[in-house]
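Numbering-wise, the sequence shown is residues -3 to 484 according to our numbering. Think of the CB as a built atom: it goes at the ideal place given N, C-alpha and C, for glycine as much as any other residue.
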Amino acid sequence: MDYLHDLNTFIPGTIVAIAGLAVLLLSVSRVKINTIFYVTVVSLIAALLFSVRDLFSPVGTSFYDMIAFGGTAAFGTFLVIIATLFCVLISRDYLDAIDHHYGEVYAMILFATTGMVGLAVSNNLIMLFVGLETMSICLYVLAGLIKEEKTGAESALKYFLLGAFSTGFILYGIALLYGATGTVNYAEIAAAADGSMLFLAGVALLFVGFFFKISAVPFHMWTPDVYQGTPTTLTAYFATASKAATFVAFILVLSRMLPEIEGAGWTQALAVIAIITMILGNLIALVQDNVKRMLAYSSIAHAGYLLVGLAAGTAAGYTGVLYYLFAYTVMNIGAFGVIAYYEKNHALDFTDVNNYSGLGYKQPVMGVLLSVFLFSLAGIPPFVGFLGKYYVFAAAINAGMISLAVIGVLASAASVYYYLRVMVHLYFREAHKEYDLIQPGAIFKYALVVLCVLTVFYGIEPVLPGGSLIELLTSYYPLSGSASLLSP
């Protein structure tokens, strides 16, 4: 029956939504927090298994063409859930250490994840808006979790005000697109688009809303303050899961809704935003002493790299962006996870890079893990971050945007300084004073080790025999002339 087929195409989102309700009920029923944690983890693992199944399912639409399934939408769901799972795994010990380990946190994470899944599978502007708002409202709450501190209250207020501002752009853009085409379905909009001023204005406003959500310059103002004031493991969630969902939704809009209209200039606009985002993000990150703010500006720069793939406007570009989102997810959660470990020790203010002096020898495993994640973020082979950048820059070159790719490579080279600066403090500077670090919890440590293994494995996986992740993504966007360049 049709409704059973529709439900089957959205099983991961359904599982996460039901789990969110269950966790909320358990929380108000005074159930032990560890029970709530394990319920959350089990539900996310179940959703992850179904999302892996969907990676290999045929492409189509359901719920009266409101959502897409298979292909890009399935990979977006997979990314969101795997990011959420790892963020939850590293959150228990950290939230317990800072005395903010509440059941409601897991409920908000699950509800936000439901919105992210809805956003990543949207095939309709109304679905896009509902998913975006479900995600955003929950993230506003999580940003203000440490409300008794000024930075926590400031991050929640800034995120809410600027998030609401960006939502206004998106909603106004949807209204103009509906007025220009008479529909909110992606395929029908593409068929009815006529390049009128009303249509172009709607697209421009929609783009501005997306740029806010992905922290693209000049719409990035909220990012460093929100990342600094939010609990570190939740910052990892903001930086990865929400960004993955938004970029996948952006890909669906670009590939399904926007036709080739002469003079529209989609790719040129994306290229300009990509350039200023890469340059400004890296330049400001160079002078940051606060590690969380440094990673915040780093995430802005990474949004610029991802926009390079979108600016290419080709199948190779979209494939490269999907791969980069996977790479960014595993290495960024890992980096924030190690920082969260240091931060929960309370021995020093471990958000200050100067206090990382000598830490590489205090807990050697944590020092090595952080080094791997930072090397990968810098784009140094043989880690997954290098391949992610390779794919998006190769797509830009194949699309004739050689100058854009060159600027991206130079910006990436500049980022090596601030990533290696942390490692210089870890291994080549002496500690300011003697102190002991607590042992990391088993779940926390093993989650980071798995992320490290993924970072290394997928850096060398394309040259190993057998199928590869890039081949799977290429099946979503079949390549033509650029296939050889994207197959190391």
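Residue i vs residue j beta-carbon contact at 8 Å
i: Asp89; j: Lys288; result: no
i: Phe71; j: Leu383; result: no
i: Tyr98; j: Phe33; result: no
i: Val334; j: Leu254; result: no
i: Thr236; j: Ser151; result: no
i: Lys209; j: Ser251; result: no
i: Val213; j: Gly277; result: yes
i: Ser294; j: Ser211; result: no
i: Val76; j: Met112; result: yes
i: Ala116; j: Ala69; result: yes
i: Gly169; j: Leu201; result: yes
i: Tyr233; j: Thr347; result: no
i: Thr310; j: Asn181; result: no
i: Tyr414; j: Leu302; result: no
i: Phe485; j: Ile63; result: Missing from the structure shown is residue 485; the chain here goes from -3 to 484 and no further.
i: Gly354; j: Ala245; result: no
i: Asp285; j: Asn350; result: yes
i: Ser23; j: Glu100; result: yes
i: Lys154; j: Asp221; result: yes
i: Lys385; j: Gly396; result: no
Start and end residues, beta strand (DSSP E) containing residue i
i: Ala64; result: Ile63 to Phe65
i: Ser399; result: It is not in any beta strand (DSSP E) - Ser399 instead sits in the alpha helix (DSSP H) that spans Ile398 to Phe424.
i: Gly56; result: Gly56 to Ser58
Chain C contact for residue i (CB, 8 Å cutoff)
i: Lys340; result: Of the protein chains in this structure there is only one, and it is not chain C.
Residue i - containing alpha helix (DSSP H), residue span
i: Ser294; result: Val287 to Ala308
i: Ser53; result: Per DSSP, Ser53 belongs to no alpha helix (DSSP H) and is neither H nor E.
i: Val180; result: Here Val180 belongs to no alpha helix (DSSP H), and DSSP marks it neither H nor E.
i: Met327; result: Ala311 to Glu339
i: Ala189; result: Premise fails: Ala189 is in no alpha helix (DSSP H) and is neither H nor E.
i: Ile105; result: Gly99 to Ala116
i: Lys385; result: Val380 to Asn394
i: Lys358; result: Leu355 to Lys358
i: Tyr442; result: Ala438 to Ile456
i: His1; result: Asp(-2) to Thr5
i: Pro220; result: Thr219 to Gly225
i: Ala139; result: Leu121 to Ala139
i: Ala245; result: Lys239 to Leu248
i: Ile280; result: Trp262 to Ala281
i: Leu230; result: Thr228 to Tyr233
i: Leu254; result: Premise fails: Leu254 is in no alpha helix (DSSP H) and is neither H nor E.
i: Thr347; result: No alpha helix (DSSP H) contains Thr347, which DSSP labels as neither H nor E.
i: Ser471; result: Leu465 to Tyr472
Minimum C-alpha distance to residue i - residue among the options
i: Ile78; options: Phe195, Asn328 and Thr147; result: Asn328
i: Ile133; options: Leu106, Asn119, Ala116 and Ser118; result: Leu106
i: Ile86; options: Ala270, Met193, Ala443 and Arg425; result: Ala443
i: Pro378; options: Val452, Gly169 and Leu173; result: Val452
i: Phe243; options: Gly313, Ile280 and Ser192; result: Gly313
i: Ile94; options: Leu355, Ala311, Glu145 and Ala281; result: Glu145
i: Tyr(-1); options: Ser58, Glu457 and Leu75; result: Ser58
i: Val204; options: Val380, Phe215, Phe195 and Leu194; result: Phe215
i: Tyr454; options: Phe322, Ile29, Ala281 and Gly56; result: Phe322
i: Ile439; options: Leu306, Leu20, Phe424 and Asn30; result: Asn30
i: Asp61; options: Asp2, Ser25, Gly375 and Ser23; result: Asp2
i: Phe207; options: Lys239, Leu194, Ala186 and Pro220; result: Lys239
i: Phe424; options: Met397, Gly363 and Asp221; result: Gly363
i: Gly381; options: Ile456, Met217, Tyr472 and Ser471; result: Ile456
i: Phe74; options: Lys385, Lys441, Phe46 and Ala336; result: Phe46
Check: residue i C-beta below 7 Å from any heavy atom of the ligand NAD
i: Thr310; result: The model on display carries no ligand, and the ligand NAD is accordingly not part of it.
Assumed close pair residue i, residue j - CB separation to whole angstroms, cut-off 8 Å
i: Gly148; j: Leu141; result: 7 Å
i: Tyr223; j: Thr229; result: Not really, about 12 Å apart at Cβ, beyond 8 Å.
i: Ile466; j: Tyr319; result: 6 Å
i: Phe514; j: Ala331; result: Residue 514 lies beyond the range of the chain shown here (-3 to 484); nothing can be said about it.
i: Ile247; j: Val317; result: 6 Å
i: Val108; j: Met131; result: Val is not the amino acid found at residue 108; the sequence shown has Ala there. About 5 Å; that satisfies the 8 Å criterion.
i: Ala297; j: Ala407; result: 7 Å
i: Ala186; j: Phe195; result: 11 Å between Cβ atoms; not a contact.
i: Val12; j: Ala43; result: 5 Å
Check whether the stretch 412 to 419 touches the stretch 386 to 394, counting contact only when three or more Cβ pairs, one atom from each stretch, lie closer than 8 Å. No, the stretch 412 to 419 is not in contact with the stretch 386 to 394.
May I ask you to verify whether the stretch -3 to 11 touches the stretch 49 to 60, counting CB pairs closer than 8 Å and requiring at least 3? Segments in contact, yes.
Below 8 Å, can you find three or more Cβ-Cβ pairs linking the stretch 116 to 124 to the stretch 19 to 38? In short, these stretches do not touch, since the Cβ pair count stays below three.
Check whether the stretch 262 to 278 touches the stretch 174 to 185, counting contact only when three or more Cβ pairs, one atom from each stretch, lie closer than 8 Å. Inter-segment contact for the stretch 262 to 278 and the stretch 174 to 185 is absent: fewer than three beta-carbon pairs are separated by less than 8 Å.
Answer yes if the stretch 397 to 407 comes into contact with the stretch 270 to 278, meaning at least three C-beta pairs across the two stretches below 8 Å, and no otherwise. Contact holds: three or more Cβ-Cβ distances are below 8 Å.
Within the chosen definition, does the stretch 318 to 332 reach the stretch 432 to 452 through at least 3 CB pairs nearer than 8 Å? Yes: the two stretches touch, three or more of their Cβ pairs being nearer than 8 Å.
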